[in-house]
Structure formats: structure tokens, C-alpha cells
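What follows is one structure encoded as C-alpha cells, with my remarks underneath.
In my numbering, the protein residues as written are 70 to 168.
Dropping the structure here:
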């Protein structure tokens, strides 16, 4: 799997990425968040394993990520002194921080 990376300042571009058997990698952060890229990857893996595309099911990745962020946020709220956290945020360097 190769992706073309374009420098928005210089306009220069280069190809990046690697694949060996069922291991894929790329320098571009979040490349697998793109539905087309993810579908192509899953399709290639299914084909390699002898399954047809009918075995692939779709999910809303962004909704899944948002749900996971909410689970994390709830865990932080339940286990941190949020009043103190907001005090530190509001006062910045002037806040008295005792951990």
C-alpha cells in the first residue's frame, strides 16, 4: 500500500508506505481512518484469507471513536478531582498545584 505525500509548502511529493504479507504501514497518521483505505485494506486481507467481499461488514468508525472518547472522558471524570483540574486550567501558572 503506497500513498502519495504532498508538501503543501514546497509542492514536492513522494510516495510512502510498506506492505509485507498482511502487515501494512504508512507514515501518514490517520491513513487507516479513511473509509476507502480501510475498505481496501480489509478487502485485501479477506481475499488473502479466501473470503469474498460479502464477509466484510461496515461500521461508522468516527462514531466508534467518539464513543471510545466518551468512555475515556467518563473514566477520567470519575477518577480525577475535576474541580481541581478546572481550577488549574482557569488559573494557569498561578494555580497552586499539589499532586
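No residue lacks a Cβ here, since even glycine has one placed at the ideal position from N, Cα and C.
As the structure is a prediction and not an experimental result, all values here were calculated from the model.
DSSP state of residue i mapped onto helix, strand, coil
i, result
"residue 161", "helix"
"residue 112", "helix"
"residue 78", "coil"
"residue 118", "coil"
Sheet register partners of residue i (DSSP bridge)
i, result
"residue 87", "94"
"residue 72", "85"
Residues near residue i in its chain [Cβ-Cβ closer than 7 Å; skip 5 each side]
i, result
"residue 112", "122 and 125"
Same chain, Cβ closer than 6 Å to residue i, neighbours up to 5 away in sequence not counted
i, result
"residue 101", "107"
"residue 82", "73 and 75"
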